[in-house]
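Note that my numbering numbers the sequence shown so that position 398 is 399, with each residue one more than the last. Read the structure below first, then the notes.
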Amino acid sequence: MAHVVEEQLQAVWPLDKWRGVRVLVAVSGGADSVALLRVLVRLAEDPGRLIVAHFNHRWRGDESDADARWVERLAARLGLPCHVENAPEPHPAGASEESARHIRYAFLTRTAYAHGARYVVTAHTADDRVETLVHNLLRGSGIAGVVSLAPFRPLDADLVLARPLLTTWRRDVEDYLNRLGQPFRTDHTNSHQRYARNFLRHGIFPQLAERYGEGFPQRLSGFADDLAAWYDWVRSETEAYWDAVEKLAEYAEVVQAVQQTVPAAGGKLARSGPARADGLVGHAARWPSTCPHDGPERDWRPGDRLAVVVFPMRSRLPSAWPVVREALRLRWSGYGWSLGRLHRTHWRRIEQAWGGQSLGEPEERELSMKNVVDLPGGLRLFQRGTWLGIRHATVERRQR
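Structural data, given as structure tokens:
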């Protein structure tokens, strides 16, 4: 009889979805990732298509090195190829968990392509999903952040990130390993409450369980399901929104006008190259000598570009704000713009402008930088008539 962990994984990720393709499995050595690997080996028709990957951040010195060697031995015992990469130097003190995550996912992406894998699989569980929901909610994230853990998402153009244990609870994972007699590694820093997620797990959640009952994580998980369904609908409407924007009679004229008068530093005008049909202004032909941006300042050079997205205010195209916000967020993410520091107060300012709150006097809105709203990540909001533009002040080099 199949264990509940195996049943739940197959419900999320049926075998016919990954039959015959290579799968890269991220294994830290902890209970969740070891259980994931054992389930996949058990269910796979051809376990030889599984590749184990482990990134050693070297956070814990000898203990981290021991984890890496342990994962290599586990992979060898299961007859699987294993790719281990060590950070050139230990993760610097004070560096964020997010920066470490970016380094780790870059390694997974690179390794997956090197082995011809179609999927990168991680061992996020239902517990992780609830912790992420609460963590992001307390940080002030919007709906996208709160429902950020999804079973599947694109990791790159030809690569999918899969989280097939996302409906499985950690207690079931540990029971599965106990039944197999499978040991795993324990990271002693998981008990340190100076880390936000550990503080929630060991400090806050036990108190919530005492007050609201042991089933409160399941109730939060159900809430996350409802949010995810609503968010999926919002995302489905974004394509229709951009189609409606581009069908407005003056859309091409507005893009052309913004192309001619992109607000630049010191209130000067800058002329840019050909406008693209998606509202992203092309590369710059000439710029002021310097311009502040999200990073070290340097002179603008021919070939740089100042990316701009234009969209109508509510009075010009009535829409639901959640759809407009998600349409902007997805388009910006697609351009590689940094949105990590764009919080609720910044989105509220964009919403107010979209709803009709002026950014300045009419004669100043198009030409003067002093009425342009600065946003984090090198973003700046400006207005032209009943249209808004958001420019990215970071230098973007053209591909050669």
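From the three backbone atoms N, C-alpha and C, an ideal C-beta is built for every residue, glycine too. Bear in mind the structure is a predicted one, so any value in this text is a computation, not a measurement.
Inter-residue Cα distance where the pair is residue i and residue j
i	j	result
residue 23	residue 212	46 Å
residue 124	residue 387	47 Å
residue 278	residue 333	With a pLDDT of only 38 at residue 278, under the threshold of 50, the placement of this residue in the model should not be trusted; the figure read from the coordinates follows. The alpha-carbon atoms of residue 278 and residue 333 are separated by roughly 15 Å.
residue 389	residue 234	25 Å
residue 105	residue 28	12 Å
residue 99	residue 141	16 Å
residue 156	residue 316	37 Å
residue 236	residue 331	9 Å
residue 56	residue 65	10 Å
residue 286	residue 257	Below a pLDDT of 50, predicted positions are generally treated as unreliable, and residue 286, at 26, falls in that range; the measurement from the model is reported next regardless. C-alpha separation (whole angstroms): 14 Å.
residue 207	residue 169	19 Å
residue 25	residue 39	13 Å
residue 231	residue 143	13 Å
residue 114	residue 246	37 Å
residue 216	residue 392	46 Å
residue 304	residue 251	Annotation note: pLDDT 42 at residue 304 (below 50); position unreliable, coordinate value reported separately. So the alpha carbons of these two residues sit roughly 28 Å apart.
residue 16	residue 81	19 Å
residue 14	residue 107	24 Å
residue 359	residue 227	35 Å
residue 363	residue 9	Note that residue 363 has pLDDT 45, beneath the 50 cutoff, so the model's placement of it is unreliable and the number below is only indicative. Residue 363 and residue 9: Cα-Cα distance of roughly 58 Å.
residue 110	residue 209	37 Å
residue 220	residue 86	39 Å
residue 188	residue 37	17 Å
residue 248	residue 345	30 Å
residue 214	residue 192	23 Å
8 Å Cβ cutoff met for residue i and residue j
i	j	result
residue 182	residue 194	no
residue 382	residue 354	yes
residue 259	residue 309	yes
residue 197	residue 136	yes
residue 75	residue 121	no
residue 255	residue 349	no
Other residues of its chain near residue i: CB distance less than 7 Å, five sequence neighbours each side excluded
i	result
residue 30	68, 71, 72, 185, 186
residue 328	239, 242, 243
residue 150	125, 129, 130, 133, 164, 167
residue 314	355, 357, 387, 388, 389
residue 320	242
residue 116	23, 25, 52
Residues near residue i by beta carbon distance below 6 Å, same chain, minus five either side
i	result
residue 138	147
residue 352	322
residue 42	48, 79
residue 371	Only weak support is given to the placement of residue 371: the predicted model assigns it a pLDDT of 39, under 50, and the value that follows is read from those uncertain coordinates. Taken in chain order, the list of residues that qualify is empty.
residue 84	54, 112
residue 3	none
residue 154	162
residue 347	376
Residue from the options whose Cα sits closest to the Cα of residue i
i	options	result
residue 11	218, 110, 152	152
residue 118	132, 54, 222	54
residue 62	86, 50, 51, 90	90
residue 103	179, 58, 258, 17	58
residue 134	168, 222, 20, 66	222
residue 50	20, 237, 39, 34	20
residue 225	164, 377, 145	145
residue 375	343, 358, 169	343
residue 127	209, 251, 172, 348	172
residue 35	345, 174, 199, 114	174
residue 179	87, 115, 6, 246	6
residue 338	377, 170, 346	377
residue 18	311, 45, 40, 32	45
residue 33	108, 14, 107, 177	177
residue 218	232, 202, 231	202
residue 312	349, 253, 345	253
residue 1	143, 60, 250	What the structure shows of the chain is the stretch from 2 to 401, and residue 1 is not part of that stretch, so it cannot be assessed.
residue 335	248, 158, 81, 346	158
is_contact[residue i, chain C] using C-beta, thresh 8 Å
i	result
residue 90	No chain C appears in this structure, which consists of one protein chain only.
Same chain, Cβ closer than 8 Å to residue i, neighbours up to 5 away in sequence not counted
i	result
residue 77	83
residue 200	194
residue 88	56, 57, 58, 59, 104
Contact test: residue i Cβ vs the ligand GTP heavy atom, cutoff 7 Å
i	result
residue 2	The ligand content of the structure shown is nil, which means the ligand GTP is not present either.
- Counting only runs that start and end within the segment 96–177, where is the alpha helix (DSSP H) found for 4 or more residues in a row? 98–115, 127–139, 144–147
- Query: Unbroken beta strand (DSSP E) runs of length 3 or more, entirely within the segment 9–55: which are they?
  - Reply: 24–27
- Message: Threshold first: 3 residues or longer. Then list the beta strand (DSSP E) segments lying entirely within the segment 54–90, N to C.
- Response: 83–87
- Task: Just list the alpha helix (DSSP H) runs in the segment 319–360, keeping only unbroken ones of 4 residues or longer that don't cross its boundaries, in chain order.
- Result: 322–335, 345–356
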